[in-house]
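Q: First, the structure itself, so that you have it in front of you.
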Amino acid sequence: MLSPPFIEPSMRKRTVILISGRGSNMMSLVEAAAEPGYPAEVAAVIANRPDAAGIPWAAARGIHTRIIDHKAYAGREPFEAALHDTLTELSAQIVCLAGFMRVLTAGFVERWQGRMINIHPSLLPSFKGLDTHARALKAGVRIAGCTVHFVVPEMDAGPIIAQAAVPVAETDTTEDLAARVLKAEHQLYPHALSLVASGHARMSGSRVLWSGEHSIPAEALVVPSPS
Ligand code: GRF
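See below:
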């Protein structure tokens, strides 16, 4: 991760991370936020599945955790109303989707627009949706990667904050490529959150506006060395 600017602890943005499963990206955000001067603090981790493996990990580190089980609600909207109320109660300033496997309605997304970001395991706008690595291998791409973007109602389509590229090896299986991209995700997400939390990257319509030293968007690119 590139070094973030120094931020007073009281100025850190209260960030809530939403997960559905193992939570390895959540772990990388929690670890980054433990560094002095990181511009975001992890206020809570919320899972929509009671068995999400990331929840005990976060709880063991003293992070506030909640389960909002989508199956306990009559539909998408009552589930999202509970999620919205919890985020509001927690005074969330930024919401990070990190392997959160529920499609969110336009109404919910619009309420958090500009304050909600997601990580996707491809170089968007290529390979939106699921099974990105299998599709990237099938397409024969030589460079794969991951993207952090602001969330908009259309899936995997919001303004791009940062991307990391990784090489594809001739012999790669889906698992090999997924593991290489995941390693890059763990570098990229903390970097992207620091850009948003420090105010250097903000959403403006369909683009990201940059300010300060970060006005050159190339700073958001992690250049891979072939391995
Ligand atoms: C990651 O590959 C992320 O990009 C995608 O879902 C996966 C979640 O993994 N959205 P983890 O739960 O963060 O380990």
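Just remember that the working numbering sits 8 ahead of the position in the sequence shown, which is counted from 1. Ideal placement from N, C-alpha and C gives every residue a C-beta, glycine not left out. All figures in this text were calculated on a predicted structure; none of them were measured in a lab.
Helix, strand or coil for Q101, going by three-state DSSP, please let me know.
A: Q101: coil per DSSP, three-state reduction.
Q: Taking 8 Å as the limit between beta carbons, can you name the residues of its chain near T73, skipping five residues before and five after?
A: Cβ within range, chain order: A52, V53, I54, A55, I63, A66, A67.
Q: With C-beta atoms as the reference, is E39 less than 7 Å away from I127?
A: no
Q: Taking Cβ positions, are A61 and R30 nearer each other than 7 Å?
A: yes
Q: Measure the alpha-carbon distance for M19 versus R119 and round it to whole angstroms.
A: 23 Å
Q: What would DSSP say about S212, mapped onto helix, strand or coil?
A: S212 sits in a strand when the DSSP states are folded into three classes.
Q: Ignoring anything shorter than 4 residues or poking outside the stretch 87–150, list the alpha helix (DSSP H) runs there in chain order.
A: As summarised for the stretch 87–150, the continuous alpha helix (DSSP H) elements at least 4 residues long and confined to that stretch are 114–120, 140–147, given in chain order.
Q: Quick check: does the Cβ of G166 come within less than 6 Å of any heavy atom belonging to the ligand GRF?
A: no
Q: Below 8 Å CB to CB, which residues in the same chain sit around P225 once its five sequence neighbours on both sides are set aside?
A: Low local confidence applies: a pLDDT of 43 at P225 is under 50, so the model's placement there is unreliable, and no value is given.
Q: Could you pull the DSSP bridge partners for E49 from this structure?
A: For E49, the pairing in a beta bridge is given by DSSP as R22.
Q: Do you know how far the Cα of A165 is from the Cα of R210?
A: Each residue's Cα considered, the two are about 16 Å apart.
Q: Express the C-alpha separation of M109 and D139 in angstroms, rounding to a whole number.
A: 13 Å
Q: Over what stretch of residues does the alpha helix (DSSP H) that includes V176 continue unbroken?
A: From DSSP, V176 is part of no alpha helix (DSSP H); its letter is neither H nor E.
Q: Whose C-alpha, out of G122, I25, E43, is nearest the C-alpha of P161?
A: Here the closest residue by C-alpha is G122.
Q: How many angstroms separate the CA atom of L280 from the CA atom of T182?
A: Outside the displayed span of the chain (9 to 235) sits residue 280, for which this structure offers no information.
Q: Between the Cα of P44 and the Cα atoms of P133, P86, S202, which residue gives the shortest distance?
A: When only C-alpha atoms are compared, the closest one is S202.
Q: Please classify I151 as buried or exposed, where buried requires at least 16 neighbouring CB atoms within 10 angstroms.
A: exposed
Q: Could you tell me if the beta carbon of I127 falls within a distance shorter than 6 Å of some heavy atom in the ligand GRF?
A: yes
Q: To the nearest whole angstrom, what separates the beta carbons of A172 and H141, a pair I think is in contact under 8 Å?
A: Cβ-Cβ separation between A172 and H141: approximately 14 Å, too far for a contact (criterion under 8 Å).
Q: Starting from I75, follow the beta strand (DSSP E) in both directions and report where the run begins and ends.
A: 73–75
Q: Please report the residue range of the alpha helix (DSSP H) in which Y197 lies.
A: 182–205
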